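Data block below; observations after.
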Amino acid sequence: MLSRLNVINNSRIAATVSMLALTLTLGACGGQQTSETPSDTPATDATATTPVKLDLGGDVALTGAGASFPAPLFQSWFADINKKYPNLRVNYQSVGSGAGVEQFTKGTVDFGASDVAMKDEEIQQVPQDKGVIMLPVTAGGVVLAYNLPDVPELKLPRDLYVDIILGKVKKWNDARIVAANPDAKLPDQSITWVHRSDGSGTTGVFTKHLAAISQEWKDQVGEGKTVDWPVGVGGKGNEGVTAQVQQTQGSIGYIEYGYAKQNNINFATLENKAGKFVKYNDESASKTLAAIELPENLRAFVPDPDGENSYPIVSFSWILAYENYPDANKAKAMEAVIEYVLTEGQKVSGELGYIPIPQPVAEKVAAAADKISPDYQISVTGSGSSASN
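For the sequence shown, the residue numbers in mature numbering (1 follows the signal peptide of the UniProt record, and there is no 0) are -30 to -1, 1 to 359.
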């Protein structure tokens, strides 16, 4: 019988890593829609050589909630735009994909964010007069971060990390871990598995991968934003799991790569579908992302990617926008935000440990988002400008 979530209520964690709440002021410039020019390079072109102030007729506030996976990137994006355009305020709370989707479907926020594309049954819960557009705006990898001070490098075969999470491998000096890491100074220490305690898109991405590579996992645990973990302790958000791994020697847990990078936490090299051990980096992540083909609805699930050099756990992260906003100024504001994140915003993605989305993807996303407002035109190529009335 699988145990229920053992949720950590650690005051040190709560003090160290609180819910990321972004209340930032931002504005954007416009651009004329231009023809598509496919390219394999990231979408980094500026929207205009001479920015045109977005005319909203006064101050406008947008409220969003959702995934913690892209929260550090969102913080950077909104802070950067805040310096340029002070008439648009965006409030974003990093509450997890599950809570973000719930608030979005109830219509209590202006936009949501999720690391897993919405399912059909979730889409049906969105008010019909609002509709939904799922917009992949960044991507990243899920890594297995660990705390073993004397082990700077760790290789984990795919069947081995599944068995660790199932609780079948209990010690760091287990013969199978030693065999995969013959030169490592592995301690005679119990393994502490750290997982998310909240509804999480990162969990959805990770468990979908586990279900794809292990029939035992698929049958016993399954996949989803929340699951009954066989073993381990929980932390809220990527922030909480990161803090718990940092504070617990002998622990290992799954987090978005950007959190490992920013906190200088070691993470394992994982075996991919081709049987090759791949360390997460910009090159391996980009190769994985390039192989993903987005359909018209911009939903994609790639739980176990092909490719000799592909990193095995990579996913887009989506902004969830409504098709229809009763407030015309909010509609224009949403398009301005999307335009920024698809252009200037992509320039900082790599610096923070995320994957800049390819230009063809940016063009697909722009075309979808440009339907939100008839008074704003999104440009992700060239240097045109738009006028907003």
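Ideal Cβ placement from N, Cα and C applies to all residues, glycine included.
None of these values were measured; they are calculated from a predicted model.
C-alpha of Asn242 to C-alpha of Gln63: approximately 34 Å in a straight line. The three-state secondary structure of Met88, taken from DSSP, is coil. Around the beta carbon of Asn299, 16 or more other beta carbons sit within 10 angstroms, so the residue counts as buried. Taken in chain order, the whole alpha helix (DSSP H) runs of length 4 or more contained in the region 162 to 246 are 171 to 183, 185 to 190, 207 to 217, 227 to 233.
Beyond the five residues adjoining it in sequence on each side, Val307 comes within less than 6 Å, by CB distance, of no other residue in the same chain. Take Gly169, set aside five residues on each side of it, and the residues of its chain with a beta-carbon closer than 7 Å to its own are Gly66, Ser67, Gly68, Ala69, Lys195, Thr196, in chain order.
By the 16-neighbour rule on beta-carbons within 10 angstroms, Ser319 is buried.
If you look at Gly34, you'll find it in the beta strand (DSSP E) that goes 30 to 36.
Across the structure, Asn267 and Ile289 are spaced so that their CA atoms are roughly 13 Å apart.
Here Asn117 is near Gln216, since their CB atoms are less than 8 Å apart. Excluding sequence positions up to five before and after Lys249, its CB lies within less than 6 Å of the CB of Thr239, all in the same chain and listed in chain order. When secondary structure is reduced to three states using DSSP, Gly82 falls in the strand class.
For the pair Val113 and Ile183, the CB atoms are not nearer than the 8 Å cut-off. By the neighbour-count definition (other C-beta atoms within 10 Å, threshold 16), Gly192 is an exposed residue. A residue is called buried once 16 or more other Cβ atoms fall within 10 Å of its Cβ, and Ala261, having fewer, is exposed.
Collapsing the DSSP output to three states places Ser160 in a strand. DSSP, read as helix, strand or coil, puts Pro42 in helix. Per the Cβ contact rule, the region 77 to 93 is in contact with the region 26 to 38 (3 or more Cβ pairs under 8 Å). Contact check between the region 315 to 329 and the region 55 to 62: fewer than three CB pairs, one atom from each, fall below 8 Å, which does not count as touching. In this structure, Ala115 sits away from Gly207, with a CB-CB distance that is not shorter than 8 Å.
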